[in-house]
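Trainee:
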Amino acid sequence: MTLNYSLWSALGPTSLPFWLLLIGAALLPVRRSRWGRRLIGAGLALFVVLGLLPTGFWLMRPLEMRYAAPDLDQITPRAIVVLAGGEDLPASALRGAPEFTHASERLLTGITLARRYPEAELYLVGGISLPDGTKDTDLMLQTALDLGLPRRQIKIISSTRNTCENARATVTRLGREDLSRSLLITSAFHLPRAMLCFEAVNSTLIPVPVDYRTWVLEGPASTFRLAPVANLLLADLALHEWAGLLYYRATGRTLRLWPAD
175 MTLNYSLWSA
185 LGPTSLPFWL
195 LLIGAALLPV
205 RRSRWGRRLI
215 GAGLALFVVL
225 GLLPTGFWLM
235 RPLEMRYAAP
245 DLDQITPRAI
255 VVLAGGEDLP
265 ASALRGAPEF
275 THASERLLTG
285 ITLARRYPEA
295 ELYLVGGISL
305 PDGTKDTDLM
315 LQTALDLGLP
325 RRQIKIISST
335 RNTCENARAT
345 VTRLGREDLS
355 RSLLITSAFH
365 LPRAMLCFEA
375 VNSTLIPVPV
385 DYRTWVLEGP
395 ASTFRLAPVA
405 NLLLADLALH
415 EWAGLLYYRA
425 TGRTLRLWPA
435 D
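Be aware that the sequence shown starts at 175, since it is given in our numbering, and climbs by one per residue.
Next up, the structure:
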């Protein structure tokens, strides 16, 4: 998975405009000026589409809006399942303490709800590790303990490396009946794929979306923002998630491309 993310970062939508510009510029002085101009034009066009237009917003919006936040006042959960993904493993190794990315809301929301429902077990689900063996779930556990959550309330599933493995291992550990009364916490844009993975193992949880990347619409112009780098990153993240939905469906990990109503 780390290699896949590295390849996506190097060759994906965020980097592609710059590669096209670089290769096009390199071809200009070597008797391939026509191809050089074409590549430069393609790079500029792609930069405009992904970096200046609100393409990322409109790609991300349906992912984030698929599931609404539940009314937690009406729920007494059996368990709270948090999918890893907000941990910054390299930064944590450098600092010697847990560091997190924008997706830290996954864990923070899980800890908050575990405090609210002390009878519910908090399941931290992950498995990505550093060469020294430190796993994302180690950082999640340490943070939960540092914030005062009792160790007896926390359960660890640390042998999974992708979303559908998360689902299979959680079902094995908790059982389908308990999952139907459990909360699933992950980034809002990631919830469609996560719910499809649980559906593929004949299980359903109550989705709790967090870590929103889009914003409230106040009119058509509010989708635009003059922040090319942020726009590129948003488009890259949304395209990566759509690619994940397609890949999981094509490889049979999920039963459908999009969650049913």
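In this text, a Cβ means the ideal position worked out from N, Cα and C, and glycines have one as well.
Could you have a look at residue 390 and say whether DSSP puts it in helix, strand or coil?
Mentor: The residue labelled residue 390 in the question sits at position 216 within the sequence shown. Looking at residue 390 - three-state DSSP - the assignment turns out to be coil, as it is neither helix nor strand.
Trainee: Taking residue 264 as the reference, give the member of 275, 254, 257 with the closest Cα.
Mentor: Residue mapping note: residue 264 aligns to position 90 of the sequence shown, counting from 1. It is 275.
Trainee: Rank 376, 330, 362, 365 by C-alpha distance to the C-alpha of residue 342 and give the top, closest one.
Mentor: Residue mapping note: residue 342 aligns to position 168 of the sequence shown, counting from 1. Answer by Cα proximity: 376.
Trainee: Applying the criterion that 16 or more other CB atoms from any shown protein chain within 10 Å of the CB defines a buried residue, is residue 288 buried or exposed?
Mentor: As a working note, residue 288 is residue 114 in the sequence shown. Classification of residue 288: buried, given that the 10 Å Cβ count is 16 or more.
Trainee: With DSSP collapsed to three states, give me the class of residue 273.
Mentor: Position 99 of the sequence shown holds residue 273. Of the three classes helix, strand and coil, the one that applies to residue 273 here is coil, per DSSP.
Trainee: Does the region 345-362 come within contact of the region 214-222, defined as at least 3 CB pairs closer than 8 Å?
Mentor: Touching, no, given that fewer than three Cβ pairs across the two stretches are closer than 8 Å.
Trainee: Would the beta-carbon of residue 407 fall within 9 Å of that of residue 188?
Mentor: As a first step, residue 407 is located in the sequence shown; it is residue number 233 there, counting from the start. As a first step, residue 188 is located in the sequence shown; it is residue number 14 there, counting from the start. Their beta carbons are under 9 Å apart, which means residue 407 touches residue 188 by this criterion.
Trainee: Does the count of Cβ pairs from the region 277-288 and the region 354-367 closer than 8 Å reach three?
Mentor: Contact between the region 277-288 and the region 354-367 is present, because at least three Cβ pairs lie under 8 Å.
Trainee: Between the C-alpha atoms of residue 185 and residue 321, what's the straight-line distance to the nearest angstrom?
Mentor: Position 11 of the sequence shown, counted from the start, is the residue given in the question as residue 185. Position 147 of the sequence shown, counted from the start, is the residue given in the question as residue 321. In a straight line, the C-alpha of residue 185 is about 39 Å away from that of residue 321.
Trainee: So for residue 425, helix, strand or coil by DSSP?
Mentor: Locating residue 425 in the sequence shown gives position 251, where the first residue counts as 1. It is coil, neither helix nor strand.
Trainee: Go through its chain and collect everything with a Cβ distance to residue 317's Cβ below 7 Å, but skip five positions before and after it.
Mentor: Your numbering for residue 317 matches position 143 in the sequence shown. Correct list, in chain order: 272, 281.
Trainee: Where does residue 434 sit, in a helix, a strand or coil, going by DSSP?
Mentor: The residue given as residue 434 occupies position 260 in the sequence shown. In the structure shown, residue 434 sits in coil (DSSP, three-state: anything other than H, G, I, E or B).
Trainee: What did DSSP end up calling residue 360 once you bin it into helix, strand or coil?
Mentor: Locating residue 360 in the sequence shown gives position 186, counting from the first residue. Correct three-state label for residue 360: strand.
Trainee: Output needed for residue 413: all residues of its chain with C-beta closer than 6 Å, excluding positions within five of it in sequence on either side, in chain order.
Mentor: Here residue 413 refers to the residue found at position 239 of the sequence shown. Cβ within range, chain order: 187.
Trainee: Can you tell me where the alpha helix (DSSP H) with residue 345 in it begins and where it stops?
Mentor: As a working mapping, residue 345 is identified with position 171 in the sequence shown. Residues 337-348.
Trainee: Is residue 175 helix, strand or coil by DSSP?
Mentor: In the sequence shown, residue 175 corresponds to position 1, counting from 1. The predicted position of residue 175 is uncertain, since its pLDDT is 46 and thus under 50; a value taken from the coordinates is nonetheless stated next. In this structure, residue 175 counts as coil in the three-state DSSP scheme.
Trainee: For chain B, check one thing: does any of its Cβ atoms lie closer than 9 Å to the Cβ of residue 348?
Mentor: Annotation note: the requested chain B is absent from the structure, which comprises a single protein chain.
Trainee: Within 10 angstroms of the Cβ of residue 192, are there 16 or more other Cβ atoms? Answer buried if so, exposed if not.
Mentor: As a working mapping, residue 192 is identified with position 18 in the sequence shown. Its Cβ having fewer than 16 others within 10 Å, residue 192 is exposed.
Trainee: Considering residue 296, what are the terminal residues of the alpha helix (DSSP H) in which it resides?
Mentor: Counting from 1 along the sequence shown, the entry for residue 296 is found at position 122. Residue 296 -> not in any alpha helix (DSSP H); beta strand (DSSP E) instead, spanning 295-299.
Trainee: Going along the chain, which residues of its own chain have a beta-carbon closer than 8 Å to the beta-carbon of residue 311, five neighbours each way excluded?
Mentor: Here residue 311 refers to the residue found at position 137 when the sequence shown is read from its first residue. Cβ within range, chain order: 258, 298, 299, 300, 301, 330, 331, 332.
Trainee: Three Cβ pairs or more, each shorter than 8 Å: is that satisfied between the region 390-408 and the region 238-254?
Mentor: The answer is no - the region 238-254 does not touch the region 390-408, with fewer than three Cβ pairs under 8 Å.
Trainee: By DSSP's criteria, residue 253 is part of a beta bridge. Which residues make up the other side?
Mentor: The count along the sequence shown starts at 1 and reaches residue 253 at position 79. 295, per the DSSP bridge assignment.
Trainee: Could you give the DSSP three-state label for residue 266: helix, strand or coil?
Mentor: Position 92 of the sequence shown, counted from the first residue, corresponds to residue 266. Residue state, collapsed to three classes: helix.
Trainee: With C-beta atoms as the reference, is residue 436 less than 9 Å away from residue 313?
Mentor: With the chain covering only 175 through 435, there is no way to say anything about residue 436.
Trainee: My understanding is that residue 291 touches residue 367, with C-beta atoms under 8 Å, so please give their C-beta distance in whole angstroms.
Mentor: In the sequence shown, counting from the first residue as 1, residue 291 sits at position 117. In the sequence shown, counting from the first residue as 1, residue 367 sits at position 193. Going by Cβ atoms, the distance from residue 291 to residue 367 rounds to 26 Å, so no, they are not a contact pair.
Trainee: Using only the alpha-carbon positions, how far apart do residue 235 and residue 388 sit?
Mentor: If you number the sequence shown from 1, residue 235 lands on position 61. If you number the sequence shown from 1, residue 388 lands on position 214. For residue 235 and residue 388, the distance between alpha carbons rounds to 7 Å.
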